[in-house]
Structure formats: structure tokens, C-alpha cells
Amino acid sequence: MLRVEEVQSVEFSSALISKFDEIVSRYPEGRSKSALLPILHEVQAVYGWLSSAAMDKVAEYLNIQPIEVYEVATFYTMFFLKPQGKYVLEVCRTGPCCLVGAEKIMDYIGEKLGIKEGEVTADGLFSYRGVECLAACGYAPVLQIGPEYTFYENLTPESVDQLIEGLKNK
Amino acid sequence: MGRKLLLEHINVPGINTFQVYKEKGGYRAVEKALKTMSSDDVVEEVKKSGLRGRGGAGFPTGMKWSFLAKPEGVPRYLVCNADESEPGTFKDRYLMTHIPHALIEGMIIGSYALGANTSYIYVRGEMMPQIRILEKAIAEAKAAGYLGKNILGSGYDLEIYVQPGGGAYICGEETALLESLEGKRGNPRIKPPFPAIAGLYGCPTVVNNVESIAATVPIVNEGGEEYAKIGIGRSTGTKLISASGNINQPGVYEIELGLSVEDFIYSDEYCGGIANGKRLKAVVAGGSSVPILPANLILNLANGDKRLMSYESLSEGGFATGTMLGSGGFVVLDEDQCIVRNTWNFSRFYHHESCGQCSPCREGTGWMEKVLHRIEYGHGKMSDIDLLVDVSKKIEGNTICPLGDAAAWPVASAIRHFRDEFEWHVKEPKLALERNYGLAHYADPLKIAEEV
């Protein structure tokens, strides 16, 4: 399950470390492990994914065992354990979205980008994958793009075209 | 028009800011509670209101609060469950996006009632924009003296923090949520002990849904008895319903409990009828976990009376002819939808989201997904249908948390009410790949209840 590519070493910036410190201050004394999920989100927002080197560094910071970080990173679907495209299009594929055409939208994105689910385009810009219910069923079909998880609603092939072109030119 | 208690000011420009929210009467409930009521008074009002948990279980909120253990010298916690992940449900996202201060105000009231000095809002990680909105709302409330030390000179201290999840449906289960908040995998805990005794960090904890917490604001403002006058029977107050699927006006609606299902689906004030002039085939009334009902049974009870949007009416008839209000995720399927495909889709969801702790759920959800997949794609056998029922029965009730039940019920109910459609897929595999079964007899008036 845990398949990570080797990254030699990671040094967190002082800005990132002070963000970690602020997060840890939200919990009672001795409960800093609670900061693990928010910290992993911060790390992924900077690096795009979680390398084992980065996870080891997080373990070191929180003074916990590396395995405690790995077991969390592998449990939660938002964490990427291998590099992704710069923009990961995450399309909701659960019931209500499928009632109004989510499967067709996902096929369309695959065709348009010329990749399969989970792959990265040659220019490194895009990946896509199906994800489970994003709690936006009234605006279906929907997709989100991290790390800020911006939402794109009521998708059509035309709006997908616009979105992808817009991101290419960004 | 039904009364709006939560969404009354939803269309006011700037209602997401502290200033406008306050101008519209916001934070009156905090003033009233902290200045004129004891914490026990607040619990008593919530009890009187009859408010039931809006996250799905429907357990009386006031009673849940009164169970909280209060040992000396041990901190207590209020944790808001904003992990909204139940397919079909998106009301909490809506509320947090547009009126974040309704949740913050409710958090202050709830924390005060429970004697908590630190409270957490656990928001699903994908709702990063909502996390930012809540963080901003907390900062605004704090700057105005409604959070922090000695709030409004009452001597009461409170800090609220927002915690992101990591994309796991199971963390909507309260003990899995607490595990996750402690920085661990979201594996549900064995109960007892219940969180009221040993929750977050082993301390007494109450976990409430976003909407339940926000509902305490009008309850404190108007009094529990006034709140209880709205609604019907033991379904008091208003409820946010997330409406999606093949309807003209999908969205979030606040209804007075007791509205008829027919009015909810067909009136222009709510769903506005079935989209594209199609006919209604089925409804999943309370989020993907609750039993699916065909058109005839969702609109009417087995005795022919109209079915209402209330805890009691939706569950009338048990699972033979009824369903549940659940989280209010109202998913409408029109005549072109395939029940087998929809059931397979939901099964895949539960298989994907099973935490893997209990074998019946970990293995059973995978088996159900595979069997449904082969029926949908033309490789099913007639015996597969009973096999599905058999597997669902072996999951139901045999797991630590309710995810097992939630995975079993949609499959069992789909076969209970739409068995002919499953059989048609097995008998006509080629045809089933080309077209859908259609409406069949599901919309016909019920002849006699026994036939159902």
C-alpha cells in the first residue's frame, strides 16, 4: 500500500515550522499528535505530495514514530503518496453526481487530457481521479482542485474545456 | 411558506460577516445565555425544544447533553461534527459557507451549556474553503469579545478551533471522528464507554452535528417551548433538507417538519418537480444509508395516507414499507435511472469507505460491490440476488459502528422493492446494457399493503 518514491532529504522552511507551532498550540499540553492531519495538509500544500522523507520529518517534529505518520497518511484519501500533476482534478463519482452525468464528465476529462485516472500528463500539469461524495450533490456534477480545494460545479464538457484551458494559461 | 429559523437571512448581502450577522439579531442568544441563564438552564431549554440530532441518528440533543459526565478537575469538550460526507447531504456545507456565525454562535451556547472551555469543529478536509470561512468568523467573534477570556464579562472562557479531516467518510461516526482529532486513523471505538464519559483525550465529550448546534440559537432566543410548537409530534422544529438528483430545483431547503413529501418534491417552493418532464421512480430520503423507496411508498404510507417529512412518518412501516429521515439527504431518481447501477454505486462507496476493522463490513461490502457489478454488467446469476440479501444480513448488526448497517440497508431495500429490476438484469443481460428498466409499476397506487 505504501509506495513512495525516494526523496533524499527535506528541510521545512521556517515559515512552515512556525505554522506547525501555531497548529500545535490549539491542543492541550501533551496532545500535539492532534496536529498531525493539519500538518500533513500544510506539507502537501507545499510539496504537492507526501514523500517518506517529508513524513519522517513530520514525525521528528511531533516527536512521534514515523509509522504513526505513515498509518495516518495511508488511511486518509486526501494524502498523495506519490507525485501528482500540478493540478489534480478530483471528480465526485458517488450516486447523486452519477444521476446527472458525473461518469461522462470523468470520461471526458480522461479523453481531453489523454491520460488514465491516476496518471500525470507529460507536461506535469494535470492528473485526475474519481473521489467519493464531496457533499455538493445539489450542484452536481462537481470537481475540486487542491490545495485550496476550489470547487467547480454543474460541470458540462464546455465548462471542463474552459477550466482546463484556464489552468494551462495560468 | 414555512418558518425559517436557520436560513431566514440567507439572502442578506454580507450575512457571512460578523457585523451584518449581528445587525440581523445575531449573538443575541449568546448574550441571553451568558448573562441571564445558568448552563443547566440552557440544557433545560434544549431538552424542552425536543431538538433531535440533525446528523442522522435523531437522538434528542438535550438528553445527550445531560448525559455528559462532570468529574471535578477534568476538562470537558464540545466537538462539532462537520465531516459531512453522507452521499446526498450538503446542508452543513451550505450553512457554514453562507452563515458561518450561526455555527459559531451555537458553539458558544453549547460549550457554555456543557462547561467546555476548548471546543473543536471537525470539518472534512475537502471543505478547505469552509475551514477558512470558519477561521475568519472565529477571529471576528473573538475580536468582538464573544470568544476568548471572560466573554461579555461573564467570567466564562472559550476558545474554538477548526480541525481538518483527511477525506474519510468513517470520521463522521463520532468515535472515529475523535480518533481522527487525536491524530490517528479513523477507526471507530467500541462503546461503551460512550464519549459522554470518555471521549476526546479520554475526557467527557459531546459530539453534535453542525445543524444541531446552529439550531440551539433560535431555541435560546425563542425558548424551547416555542421551538417545540413548530413541527409535528416528536419531530419538532425545522430541518435543512439537501435535495439532489433529477429535480428542477436542487439545493438546500429549510422545512418545518411535517410538510408532505409530495409538496416537498412537487411544489415550486422546494424541489419544483421532476426535471425534464420525467416521472418519479424512487427516492433515497435521508442520505445514501437509508432504505430506498419506490415512488408510491415515498409519497404515501401503505395505508394510503400521505407520507410526511418527519422522523416518524418517514420511518412508518419499518423497513418493510418505510425508510428514515436520516441526515435529510433527499436524492430523487427519475424513470430513466437504473436501480441496480445506483445500488452498485453506493456499494462501491461503502466498500471504499469501510475502515477495515470489522471483517463483516471489510469483506462483505467488497463482496456486495462485486456481485452488484456483475449483475449490472450482464454476468449475474439469479442466485446472486438472494446472495446479496444474505451478505447484507450478515453485515447488519455485526460491526462496531453503523457503517455496516449503512452499507447493508441500501442493498437490502433495493432488492426488497425493485427485485423485478434485478431479475430483469439477469434474464436480459444484453438488453440491460442497452437500456434501463424504466418506471415499471413503481409509481402505481398501492393495491393492498400485503403486496408490497
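So the protein lines, in turn, are chains A and B. Position in the first sequence (from 1) plus 471 gives the number in the numbering used here. Position in the second sequence (from 1) plus 4 gives the number in the numbering used here. Note that CB positions come from ideal geometry on N, CA and C, so glycine has one too. All of these numbers come straight from a predicted model, not from anything done at the bench.
Beta-carbon proximity check, G66/B vs V47/B, cutoff 8 Å: Residue mapping note: residue 66/B aligns to position 62 of the second sequence, counting from 1. Residue mapping note: residue 47/B aligns to position 43 of the second sequence, counting from 1. Yes, they are a contact pair.
Burial state of M4/B (16 or more Cβ within 10 Å): Residue 4/B lies beyond the stretch modelled for chain B, which goes from 5 to 456, so this question has no answer here.
Minimum Cβ-Cβ distance from L185/B to chain A less than 8 Å: Translated into positions along the second sequence, residue 185/B becomes position 181. Cβ-Cβ to chain A under 8 Å: yes for L185/B.
Amino acids of chain A, ordered along the chain, whose beta-carbon sits closer than 9 Å to that of M1/B: Beyond the ends of chain B as shown, which are 5 and 456, falls residue 1/B; an answer cannot be given.
Opening and closing residue of the alpha helix (DSSP H) in which E482/A lies: Against the first sequence, residue 482/A aligns to sequence position 11. Counting along the chain, no alpha helix (DSSP H) covers E482/A, and no H or E run does either.
C-beta contact flag for A86/B and C359/B at 8 Å: Numbered from its first residue, the second sequence carries residue 86/B at position 82. Numbered from its first residue, the second sequence carries residue 359/B at position 355. Taking 8 Å as the Cβ cut-off, A86/B and C359/B do not qualify as a contacting pair.
With 16 other Cβ atoms within 10 Å as the buried cut-off, status of E582/A: For the purposes of this step, residue 582/A is identified with residue 111 of the first sequence, where counting begins at 1. E582/A comes out exposed.
Sufficient close CB pairs (3 or more, under 8 Å) joining the stretch 595-613 of chain A to the stretch 554-569 of chain A: yes
8 Å Cβ cutoff, V543/A in contact with chain B: Translated into the one-based positions of the first sequence, residue 543/A becomes position 72. Chain B places a beta carbon closer than 8 Å to that of V543/A, counting this residue as a contact.
CB contact below 8 Å: R7/B versus chain A: Indexing the second sequence from 1 puts residue 7/B at position 3. No - not a single Cβ of chain A is within 8 Å of the one on R7/B.
Same chain only: Cβ atoms within 8 Å of A506/A, ignoring 5 sequence neighbours per side: Along the first sequence, one-based indexing puts residue 506/A at 35. F491, I494, V495, R497, Y498 and L533, listed in sequence order.
Pair within 8 Å by beta-carbon distance, E130/B and G333/B: Looking up residue 130/B in the second sequence gives position 126. Looking up residue 333/B in the second sequence gives position 329. Not a contact, by the Cβ cut-off of 8 Å.
For E260/B and I234/B, believed in contact at Cβ under 8 Å, the rounded distance: Translated into the one-based positions of the second sequence, residue 234/B becomes position 230. Translated into the one-based positions of the second sequence, residue 260/B becomes position 256. Yes, they are in contact, since the Cβ atoms of I234/B and E260/B sit about 5 Å apart, within 8 Å.
Whole-angstrom C-beta distance between V591/A and A525/A, which should lie under 8 Å: Taking the first sequence and counting its residues from 1, the one referred to as residue 525/A is at position 54. Taking the first sequence and counting its residues from 1, the one referred to as residue 591/A is at position 120. Actually they are not in contact, since the Cβ atoms of A525/A and V591/A sit about 19 Å apart, beyond 8 Å.
Between the CA atoms of T627/A and T209/B - distance to the nearest angstrom: Numbered from its first residue, the second sequence carries residue 209/B at position 205. Numbered from its first residue, the first sequence carries residue 627/A at position 156. Those two C-alpha atoms are separated by around 44 Å.
Neighbour-count burial assignment, A143/B, 16 or more Cβ in a 10 Å radius: As a first step, residue 143/B is located in the second sequence; it is residue number 139 there, counting from the start. The residue in question, A143/B, is exposed, as its Cβ has fewer than 16 Cβ neighbours within 10 Å.
Where Y116/B falls: helix, strand or coil (DSSP): Your numbering for residue 116/B matches position 112 in the second sequence. Residue state, collapsed to three classes: helix.
Runs of alpha helix (DSSP H) lying entirely within the stretch 194-248 of chain B, each at least 4 residues, in chain order: 214-226 and 228-233
Inter-stretch contact (C-beta, 8 Å, three-pair minimum) for the stretch 214-230 of chain B and the stretch 534-545 of chain A: no
Minimum length 4: unbroken alpha helix (DSSP H) runs contained in the stretch 349-436 of chain B: 363-380, 386-399 and 407-431
G92/B beta carbon less than 8 Å from that of S317/B: By one-based count along the second sequence, residue 317/B stands at place 313. By one-based count along the second sequence, residue 92/B stands at place 88. Taking 8 Å as the Cβ cut-off, S317/B and G92/B do not qualify as a contacting pair.
Distance, I296/B Cα to V137/B Cα: Taking the first residue of the second sequence as 1, we reach residue 137/B at position 133. Taking the first residue of the second sequence as 1, we reach residue 296/B at position 292. The question names Val, but residue 137/B in the sequence shown is Ile. Each residue's Cα considered, the two are about 35 Å apart.
Residue ranges of each beta strand (DSSP E) within the stretch 73-132 of chain B, 3 or longer: 81-86 and 122-127
Proximal residues of chain A, C-beta to C-beta of E266/B below 9 Å: On the second sequence, position 262 is the one that residue 266/B refers to. What E266/B touches in chain A: nothing, since even the nearest Cβ is about 20 Å away.
Candidates M577/A, S484/A and C568/A: closest to D632/A by CA position: Numbered from its first residue, the first sequence carries residue 632/A at position 161. Of M577/A, S484/A and C568/A, the residue nearest in Cα terms is M577/A.
CA-to-CA distance, V166/B to R128/B, given in whole angstroms: Taking the second sequence and counting its residues from 1, the one referred to as residue 128/B is at position 124. Taking the second sequence and counting its residues from 1, the one referred to as residue 166/B is at position 162. Cα to Cα, the separation comes out at about 10 Å.
Within-8 Å CB hit, I452/B to chain A: As a position in the second sequence, residue 452/B is number 448, starting the count at 1. Only weak support exists for where I452/B lies, its pLDDT of 45 falling under 50; the coordinates are left without a value.
Local Cβ density within 10 Å of R311/B, reported as buried at 16 or more and exposed below that: Taking the first residue of the second sequence as position 1, residue 311/B is located at position 307. Flag for R311/B reads buried.
Given G351/B as reference, the closest of H105/B, P75/B, A120/B and V415/B once Cα atoms are compared: Along the second sequence, read from residue 1 onward, the residue named residue 351/B stands at position 347. It is worth fixing the name first, because residue 351/B is Ser in this sequence and not Gly. For S351/B, the nearest C-alpha among the options comes from V415/B.
Residues near G322/B by beta carbon distance below 6 Å, same chain, minus five either side: As a first step, residue 322/B is located in the second sequence; it is residue number 318 there, counting from the start. Once the five neighbours on either side are set aside, G322/B has no close Cβ partner at all.
Span separating the alpha-carbon of E455/B from that of I399/B: Working through the second sequence from its first residue, we reach residue 455/B at position 451. Working through the second sequence from its first residue, we reach residue 399/B at position 395. Legend: pLDDT at E455/B = 45, less than 50; position of this residue unreliable, no value from coordinates given.
At least three beta-carbon pairs within less than 8 Å, the stretch 8-20 of chain B to the stretch 183-202 of chain B: Output reads no: the stretch 183-202 of chain B does not touch the stretch 8-20 of chain B.
Alpha-carbon to alpha-carbon, G556/A and K528/A: The residue you call residue 528/A lines up with position 57 of the first sequence. The residue you call residue 556/A lines up with position 85 of the first sequence. Each residue's alpha carbon lies about 23 Å from the other.
Those runs of the alpha helix (DSSP H) which lie wholly inside the stretch 277-342 of chain B and span at least 4 residues: Listed in chain order, they are 299-303, 315-319 and 322-325.
Straight-line Cα distance separating F550/A from L473/A: Walking along the first sequence from the start, residue 473/A turns up at place 2. Walking along the first sequence from the start, residue 550/A turns up at place 79. For L473/A, the pLDDT reaches just 47, beneath the cut-off of 50, and the residue's location in the model is therefore unreliable, although a value from the coordinates is still provided. Rounded to whole angstroms, L473/A to F550/A spans 11 Å at the Cα level.
Opening and closing residue of the beta strand (DSSP E) in which P168/B lies: Here residue 168/B is taken as the residue at index 164 of the second sequence, counted from 1. Start and end: E163 to P168.
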